[in-house]
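Peer 1:
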(Lines of atoms letter the chains of each structure in order from A; the text may use other names.)
(Lines give C-alpha, C1' and ligand atoms only; values in the text may rest on other atoms or scores of the structure.)
Protein backbone atom coordinates (compact mmCIF):
# COMPACT_ATOMS: atom_id res chain seq x y z
CA UNK A 104 0.00 0.00 0.00
CA UNK A 105 2.85 2.37 0.85
CA UNK A 106 4.45 1.77 -2.54
CA UNK A 107 1.19 2.50 -4.32
CA UNK A 108 0.79 5.81 -2.50
CA UNK A 109 4.40 6.72 -3.28
CA UNK A 110 3.96 5.88 -6.98
CA UNK A 111 0.76 7.91 -7.23
CA UNK A 112 2.38 10.84 -5.41
CA UNK A 113 5.45 10.65 -7.67
CA UNK A 114 3.36 10.42 -10.84
CA UNK A 115 1.20 13.41 -9.93
CA UNK A 116 4.14 15.67 -9.12
CA UNK A 117 6.24 14.64 -12.10
CA UNK A 118 3.49 15.47 -14.62
CA UNK A 119 4.11 19.22 -14.38
CA UNK A 120 6.56 20.95 -16.66
CA UNK A 121 10.01 22.22 -15.88
CA UNK A 122 8.61 25.64 -14.97
CA UNK A 123 6.81 24.11 -12.00
CA UNK A 124 10.17 23.87 -10.28
CA UNK A 125 10.58 27.64 -10.65
CA UNK A 126 7.10 28.53 -9.42
CA UNK A 127 7.97 28.20 -5.73
CA UNK A 128 9.96 31.45 -5.92
CA UNK A 129 8.57 33.19 -9.00
CA UNK A 130 5.00 33.11 -7.72
CA UNK A 131 5.96 34.59 -4.34
CA UNK A 132 8.95 36.92 -4.25
CA UNK A 133 10.92 36.68 -7.49
CA UNK A 134 9.85 38.67 -10.58
CA UNK A 135 6.93 37.07 -12.46
CA UNK A 136 7.69 35.14 -15.64
CA UNK A 137 5.90 37.62 -17.92
CA UNK A 138 8.09 40.47 -16.62
CA UNK A 139 11.25 38.41 -17.09
CA UNK A 140 10.27 37.37 -20.61
CA UNK A 141 9.48 40.94 -21.65
CA UNK A 142 12.78 42.19 -20.25
CA UNK A 143 14.68 39.53 -22.22
CA UNK A 144 12.60 40.32 -25.31
CA UNK A 145 13.53 44.01 -25.14
CA UNK A 146 17.23 43.21 -24.75
CA UNK A 147 17.66 40.20 -27.06
CA UNK A 148 14.71 40.58 -29.51
CA UNK A 149 14.68 37.03 -30.94
CA UNK A 150 13.44 33.79 -29.41
CA UNK A 151 16.74 32.10 -30.24
CA UNK A 152 18.81 34.74 -28.42
CA UNK A 153 16.36 34.83 -25.51
CA UNK A 154 16.60 31.06 -25.12
CA UNK A 155 20.40 31.09 -25.38
CA UNK A 156 20.82 33.80 -22.73
CA UNK A 157 18.22 32.43 -20.33
CA UNK A 158 19.77 28.96 -20.52
CA UNK A 159 23.22 30.46 -19.86
CA UNK A 160 21.82 32.23 -16.80
CA UNK A 161 20.04 29.15 -15.43
CA UNK A 162 23.06 26.86 -15.84
CA UNK A 163 25.46 29.36 -14.26
CA UNK A 164 23.50 32.14 -12.52
CA UNK A 165 25.26 35.39 -11.69
CA UNK A 166 24.24 39.00 -11.18
CA UNK A 167 26.30 39.98 -14.23
CA UNK A 168 24.21 37.72 -16.47
CA UNK A 169 20.91 38.98 -15.07
CA UNK A 170 18.87 41.41 -17.17
CA UNK A 171 17.38 43.55 -14.43
CA UNK A 172 18.83 46.85 -13.15
CA UNK A 173 21.28 46.80 -10.25
CA UNK A 174 18.65 47.95 -7.75
CA UNK A 175 16.26 45.14 -8.70
CA UNK A 176 19.06 42.58 -8.45
CA UNK A 177 19.70 43.68 -4.86
CA UNK A 178 16.08 42.96 -4.00
CA UNK A 179 15.30 39.89 -6.08
CA UNK A 180 18.52 37.99 -6.78
CA UNK A 181 18.63 35.02 -4.38
CA UNK A 182 21.76 34.12 -2.47
CA UNK A 183 21.39 30.53 -3.67
CA UNK A 184 19.81 30.43 -7.12
CA UNK A 185 19.03 26.82 -8.07
CA UNK A 186 21.28 25.31 -10.71
CA UNK A 187 19.93 23.53 -13.76
CA UNK A 188 21.64 21.24 -16.22
CA UNK A 189 21.43 22.39 -19.85
CA UNK A 190 18.62 19.99 -20.75
CA UNK A 191 16.40 21.08 -17.83
CA UNK A 192 17.15 24.73 -18.50
CA UNK A 193 16.30 24.45 -22.21
CA UNK A 194 13.01 22.71 -21.45
CA UNK A 195 12.05 25.32 -18.84
CA UNK A 196 12.98 28.23 -21.11
CA UNK A 197 11.09 26.76 -24.07
CA UNK A 198 8.01 26.35 -21.84
CA UNK A 199 8.37 29.96 -20.70
CA UNK A 200 8.74 31.31 -24.24
CA UNK A 201 5.76 29.25 -25.41
CA UNK A 202 3.59 30.42 -22.52
CA UNK A 203 4.60 34.09 -22.53
CA UNK A 204 4.90 34.65 -26.30
CA UNK A 205 3.33 38.05 -26.92
CA UNK A 206 2.22 37.24 -30.46
CA UNK A 207 -0.04 34.50 -29.10
CA UNK A 208 -1.58 36.94 -26.66
CA UNK A 209 -2.33 39.61 -29.25
CA UNK A 210 -5.54 39.18 -31.17
CA UNK A 211 -4.93 39.78 -34.85
CA UNK A 212 -7.86 40.95 -36.94
CA UNK A 213 -8.15 41.49 -40.65
CA UNK A 214 -8.31 45.12 -41.77
CA UNK A 215 -11.72 46.37 -42.86
CA UNK A 216 -12.22 46.96 -46.53
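Numbering (our numbering), first residue to last: 104 to 216. Even glycine gets a Cβ: it sits at the ideal position worked out from N, Cα and C.
When you compare the segment 135-152 with the segment 176-188, are there three or more beta-carbon pairs, one atom per stretch, that lie closer than 8 Å?
Peer 2: Short answer: they don't touch.
Peer 1: Do three or more CB pairs link the segment 189-203 to the segment 157-177 at distances below 8 Å?
Peer 2: Contact between the segment 189-203 and the segment 157-177 is present, because at least three Cβ pairs lie under 8 Å.
Peer 1: Answer with buried or exposed for residue 199, where buried requires no fewer than 16 other C-beta atoms within 10 angstroms of its C-beta.
Peer 2: Looking at its Cβ environment, which holds 16 or more other Cβ atoms inside 10 Å, residue 199 is buried.
Peer 1: Grab me the residues of residue 197's own chain with a C-beta within less than 8 Å of its C-beta, minus the 5 sequence neighbours each way, in chain order.
Peer 2: Closer than 8 Å at Cβ, skipping near neighbours: 154.
Peer 1: Over the uninterrupted alpha helix (DSSP H) stretch that includes residue 203, give me the two end residues.
Peer 2: 189-203 is the extent of the alpha helix (DSSP H) around residue 203.
Peer 1: State buried or exposed for residue 203, treating a residue as buried only when at least 16 other CB atoms are found within 10 Å of its CB.
Peer 2: Burial call: buried.
Peer 1: Could you compute how far the alpha carbon of residue 208 sits from the alpha carbon of residue 170?
Peer 2: Cα to Cα, residue 208 sits roughly 23 Å from residue 170.
Peer 1: Kindly give me the distance between the Cβ atoms of residue 168 and residue 180, rounded to whole angstroms, as I take these residues to be in contact under 8 Å.
Peer 2: The pair is not a contact, with the Cβ atoms about 10 Å apart (cut-off 8 Å).
Peer 1: Where does residue 176 fall in DSSP's three states?
Peer 2: If DSSP states are grouped into helix, strand and coil, residue 176 belongs with the helices.
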